[in-house]
Structures are given as C-alpha cells and as structure tokens.
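Student: Here it is, the structure in full.
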Amino acid sequence: MILAVGLPVWYLLYKQLLPFSHYFTYSLLGLEKGSHLAESIQFFVYDSPKVMLLLTLVVFVIGMIRSFFTPERNRKYLAGKREVVGNVMAALLGIVTPFCSCSAIPLFLGFVQAGVPLGVTFSFLIAAPMINEIALILLYGLLGWKVAALYLCSGLMIAVVAGWIIGRLNLEHWIEDWVQEMRTAPPLVMEQKLSWSDRVEQGLEAVRDIVGKVWVYVLAGIAAGAVIHGYVPEDFMSRIMGRDNWWSVPAAVLMGIPMYSSAAGMVPVVEALLGKGAALGTALAFMMSVIALSLPEMVILRKVLKPKMIALFVTVVGSGILFTGYLFNLYLS
C-alpha cells in the first residue's frame, strides 16, 4: 500500500521540480535571468528537493536490500577468508552494509572477534563509507552513469589494494592490546528471520534514521554548490582544479581531510565544481578524501588502532586516491 501510493506521488513531485524552481526564482522573486543571485537560488531550489527525493527513495530501497546483509551475516561470510578473495568480498559487502563513522568501532571489533583477517577488515572499512551506494545513485542521477561507474571501480580498487597491502604487512601488533584480546572471546551472532513487511519497515526506518541524520549535510553541500554555481567564474575552477595543474589532486585531497560530510552531501558540491571547469579526477579525489579520510573518523578509529596503523591507513588510502585522481585526469584529458 505504501509503495502503491508513494511511488506515483514521488514521481509527480520529481517531474515538477525544474518548472517550480524557474517559477520561484524568476516569477515569484522576480530575479533577472543570468544574474549571480538568480543562478544560485535556482540551483538551490531545484537541487535541494531533487537530491532529497532521490535520497529518500534510494535509502528506502537500500534499507530493504540491507535487511539481507546484516553485520552478523557479513562477519560469517568473511571469517577465515584468504587474502585477495576476502578483500574483494569485503569491499563488495561494504557497499551494501549500513556504515557511518559512529559504527566504525563496533564493526571493527565484531570483525576482529569473528577472526576476520586484518587486511580483509580494512577493505571493508574503506569500502563501506567511500563506495556509498547512496552517493553512487545520486552520482548516476546528477552526473550520469560513466561518472558513477568510474567512482565505483576506483573505490573498489582502492579498498581491495589497500586492504591487501595492510594484510601482507602483518601489523596486528599495531592494533590496541585490548582489541587483540577479543580474538579469544566467542563471537555473539544473532540471526533474525524477517518477513517482507518487516523489510519494508526496515526501509522506512532507514529513511527516518539516515535522512534524519544527513539532511543538514546535504543542504549544506547544495548551498555550497549553489554559491559555486552562481558566483564562481566559468574558468576559475579550471585554473585551480584543472587537469593541467599537477598539484591540484594532492591539494584537493589535503583540503578534504579536515572536512566532514556525508557522501550524499558531497555529490552536489562535485556537480557544481565540474560545472565550473574542475577536472573530474580532482573533484572525485576531493570527494573521496572527505568521505574516506575525514579527521573525525580518524579520531574515532584511534580508540582501536595505534597511531602507526592510522598513519599507514591514511598513507595507503591517500595514495590510492591520488592515483585515481591522476588516472582520471589523464584518461579523460
């Protein structure tokens, strides 16, 4: 019943967004077409409900899908898996698993307790926030399937390779001692059988939980994108973040690390940057660093990892992001 009523209403609302943004900006407010303020307001009025509608639909569908991939089941799948195979499986499972910075420690502890190899665990921890399925679908909706596919493939590559490298170095002693002791404790696994009505309810709960947490970041990202869209000159970003500037990719990564935003909040910013001439590789490197290497997440992971391990984590993942940024800029030049 919810789907039968909700989907047609969603579609009708979505189709009216562009004409409403034009009416609001140029007729209701009476702003002049082509002015900086009008361009910014029209971008914000159009993209805000557009991204929120897409986000709500995507989170609902993914919430239902995620009911088949619980953290307990993922730990059972990954426990005892060897390198490479385990890294790939962990990265793929990371895409469809509920994850945010606040859940990093419980997931890490659960994987350690279940006997999942360290490198495989890191492949999961890298993929889960960075290859966010919500961001992928928003990228597809706003920028097309090629950008979404490039983001997916590069994120998976970084997660698999970085996890493999960390696993090969045998650095279990760089985990905090109290975490090491958990390997001897029996893992607590709780399975729950769900009906389809339960899965629909989980989808609705995911909307209430995720959208309720990230909407501020999404609107902030759209507002930033609106300012860039309306006020930044056409050639400004091509000079600063263009593919011809070798330093643009590392600068974008360094700028992204202190920031914190959800993946959904970064998509409108990337859209605006690309519209103003930023190179695709540089813009995606910026987005990846904000999501995968954010300072708040490093602070949280410090509770379970020693400083040397965090430094290695940042170095390996950052190198992967740099490589991806340069590769995209070179390939798409």
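First residue of the sequence shown: 35, per the numbering used here; consecutive thereafter. Just so you know, even glycine gets a beta-carbon here, dropped at the ideal spot from N, CA and C. Just so we're clear, the structure is a prediction, and the values are computed from it rather than from any experiment.
(1) Fully enclosed by the segment 153 to 207, which alpha helix (DSSP H) runs are 4 residues long or longer?
(2) Which residues mark the beginning and the end of the alpha helix (DSSP H) in which Gly120 is found?
(3) In angstroms, rounded to a whole number, what distance separates the CA positions of Val94 and Ile291?
(4) Three or more beta-carbon pairs under 8 Å between the segment 151 to 171 and the segment 187 to 207, yes or no?
(5) Does the beta carbon of Leu346 come closer than 7 Å to any beta carbon on chain B?
(6) Nearest-angstrom Cα distance between Arg307 and Val266?
(7) Give the DSSP-derived three-state secondary structure of Ile209 in the structure shown.
(8) With a 10 Å radius around its C-beta and 16 neighbouring C-beta atoms as the bar for buried, classify Thr349 as buried or exposed.
(9) Are the beta-carbon atoms belonging to Ser157 and Ala183 less than 7 Å from one another?
(10) Can you tell me the Cβ-Cβ gap for Tyr260 and Phe77, rounded? I've got them flagged as a contact below 8 Å.
(11) From the DSSP output, in three-state form, read off Leu329 for me.
(12) Could you tell me if Val223 is buried or exposed, where buried requires 16 or more neighbouring beta carbons within 10 angstroms of its beta carbon?
(13) Helix, strand or coil: how does DSSP classify Leu222 here?
(14) Would Arg277 and Ala312 be called neighbours here (beta carbons separated by less than 7 Å)?
(15) Just the C-alpha distance for Ser328 and Met293, rounded to the nearest angstrom, thanks.
(16) Look at Gly197 and Gly153 and say whether their C-beta atoms are less than 7 Å apart.
(17) Does DSSP classify Leu335 as helix, strand or coil?
(18) Could you tell me the alpha carbon to alpha carbon distance between Val146 and Gln214, rounded to whole angstroms?
(19) Leaving out the 5 sequence neighbours to the left and right, which residues in its chain are closer than 7 Å to Gly299 when beta-carbon positions are compared?
(20) Between the C-alpha atoms of His207 and Phe357, what's the straight-line distance to the nearest angstrom?
(21) Rounded to whole angstroms, what is the Cα-Cα separation between His56 and Leu62?
(22) Distance, Cα to Cα, Gly64 vs Pro53?
(23) Report yes if the CB atom of Tyr360 is closer than 7 Å to the CB atom of Val283, and no otherwise.
(24) As a quick exercise: from Glu66, His70, Tyr48, pick the residue whose alpha carbon is nearest that of Ser82.
(25) In whole angstroms, give me the CA-to-CA distance for Val241 and Leu170.
(26) Taking the beta carbon of Val324 as the centre, do at least 16 other beta carbons fall within 10 Å, making it buried, or is it exposed?
(27) Which same chain residues end up closer than 7 Å to Pro302 when comparing Cβ atoms and leaving out the 5 residues on each side of it in sequence?
(28) Determine the DSSP secondary structure at Val348, reduced to helix, strand or coil.
(29) Looking only at C-alpha atoms, which of Leu127, Leu288, His263 sits nearest to Leu71?
(30) From Leu339, Pro341, Lys67, Met289, pick the residue whose C-alpha is nearest to that of Arg318; which is it?
(31) Taking only three categories from DSSP, how would you classify Val92?
(32) Assuming the contact rule is C-beta atoms closer than 8 Å, Val338 and Leu143 should be a hit. Round their C-beta distance to whole Å, please.
Tutor: This is what the structure gives:
(1) Entirely contained in the segment 153 to 207, the alpha helix (DSSP H) runs reaching 4 residues are, in chain order, 167 to 177, 179 to 202.
(2) Residue numbering aside, residue 120 sits at position 86 when the sequence shown is read from its first letter. It spans 119 to 129 - the alpha helix (DSSP H) in which Gly120 sits, taken as one unbroken run.
(3) Taking the first residue of the sequence shown as 1, we reach residue 94 at position 60. Taking the first residue of the sequence shown as 1, we reach residue 291 at position 257. With the sequence shown as reference, residue 94 is identified as Phe, and Val is not the correct amino acid for it. When rounded, the distance between both Cα atoms is 29 Å.
(4) yes
(5) Among the chains of the structure shown, chain B does not appear; only one protein chain is present.
(6) Position 273 of the sequence shown, counted from the start, is the residue given in the question as residue 307. Position 232 of the sequence shown, counted from the start, is the residue given in the question as residue 266. It should be noted that the sequence gives Leu, not Arg, for residue 307. Their backbone Cα atoms lie some 9 Å apart in a straight line.
(7) The sequence position of residue 209 within the sequence shown is 175, counting from 1. In the structure shown, Ile209 sits in a strand (DSSP, three-state: E or B).
(8) On the sequence shown, residue 349 is found 315 positions in, with the first residue counted as 1. Exposed, because fewer than 16 other Cβ atoms sit within 10 Å of the Cβ of Thr349.
(9) Residue numbering aside, residue 157 sits at position 123 when the sequence shown is read from its first letter. Residue numbering aside, residue 183 sits at position 149 when the sequence shown is read from its first letter. Not closer than 7 Å, so no.
(10) Sequence index remark: in the sequence shown, residue 260 carries index 226 (1-based). Sequence index remark: in the sequence shown, residue 77 carries index 43 (1-based). Residue 260 is actually Ala in this sequence, not Tyr. Contact holds; Cβ gap of about 4 Å.
(11) Mapped onto the sequence shown, residue 329 falls at position 295. Here DSSP, grouped into helix, strand and coil, assigns Leu329 to helix.
(12) As a first step, residue 223 must be located in the sequence shown, where it is residue number 189. Low per-residue confidence applies at Val223: pLDDT is 49, beneath 50, and the placement is therefore not dependable, though the value from the model is reported in the following sentence. Exposed.
(13) Sequence index remark: in the sequence shown, residue 222 carries index 188 (1-based). Annotation note: pLDDT 47 at Leu222 (below 50); position unreliable, coordinate value reported separately. DSSP places Leu222 in coil when its eight states are reduced to three.
(14) By 1-based counting over the sequence shown, the position of residue 277 is 243. By 1-based counting over the sequence shown, the position of residue 312 is 278. It is not a contact, given that the beta carbons lie outside the stated cut-off.
(15) As a position in the sequence shown, residue 328 is number 294, starting the count at 1. As a position in the sequence shown, residue 293 is number 259, starting the count at 1. Across the structure, Ser328 and Met293 are spaced so that their CA atoms are roughly 6 Å apart.
(16) Your numbering for residue 197 matches position 163 in the sequence shown. Your numbering for residue 153 matches position 119 in the sequence shown. Contact flag set, yes.
(17) Locating residue 335 in the sequence shown gives position 301, counting from the first residue. Residue state, collapsed to three classes: helix.
(18) Here residue 146 corresponds to residue number 112 of the sequence shown, with the count starting at 1. Here residue 214 corresponds to residue number 180 of the sequence shown, with the count starting at 1. Approximately 8 Å, taken between the alpha carbons.
(19) Position 265 of the sequence shown, counted from the start, is the residue given in the question as residue 299. Val248, Tyr251, Val252, Ala254, Gly255.
(20) As a position in the sequence shown, residue 207 is number 173, starting the count at 1. As a position in the sequence shown, residue 357 is number 323, starting the count at 1. C-alpha separation (whole angstroms): 29 Å.
(21) Walking along the sequence shown from the start, residue 56 turns up at place 22. Walking along the sequence shown from the start, residue 62 turns up at place 28. Whole-angstrom Cα-Cα distance: 9 Å.
(22) Here residue 64 refers to the residue found at position 30 when the sequence shown is read from its first residue. Here residue 53 refers to the residue found at position 19 when the sequence shown is read from its first residue. When only Cα atoms are considered, Gly64 and Pro53 end up about 15 Å apart.
(23) As a working mapping, residue 360 is identified with position 326 in the sequence shown. As a working mapping, residue 283 is identified with position 249 in the sequence shown. Yes, the pair counts as a contact, with Cβ atoms nearer than the cut-off.
(24) Sequence index remark: in the sequence shown, residue 82 carries index 48 (1-based). It is Tyr48.
(25) Numbered from its first residue, the sequence shown carries residue 241 at position 207. Numbered from its first residue, the sequence shown carries residue 170 at position 136. Using only the alpha carbons, I get a separation of about 17 Å.
(26) As a working mapping, residue 324 is identified with position 290 in the sequence shown. It counts as buried.
(27) Stepping through the sequence shown from its first residue, residue 302 is reached at position 268. Closer than 7 Å at the Cβ level, and outside the excluded window around Pro302, lie Asp81, Val85, Gly255, Ile256, Gly259.
(28) Sequence index remark: in the sequence shown, residue 348 carries index 314 (1-based). Here Val348 sits in helix by DSSP.
(29) Your numbering for residue 71 matches position 37 in the sequence shown. Of the candidates Leu127, Leu288, His263, the one whose C-alpha sits nearest the C-alpha of Leu71 is His263.
(30) Against the sequence shown, residue 318 aligns to sequence position 284. The residue you asked about is not Arg; residue 318 is Leu in the sequence shown. Here the closest residue by C-alpha is Met289.
(31) If you number the sequence shown from 1, residue 92 lands on position 58. Three-state DSSP puts Val92 in a helix.
(32) Residue 338 sits at position 304 when you count from the first residue of the sequence shown. Residue 143 sits at position 109 when you count from the first residue of the sequence shown. Indeed they touch by this definition, with Cβ atoms about 7 Å apart.
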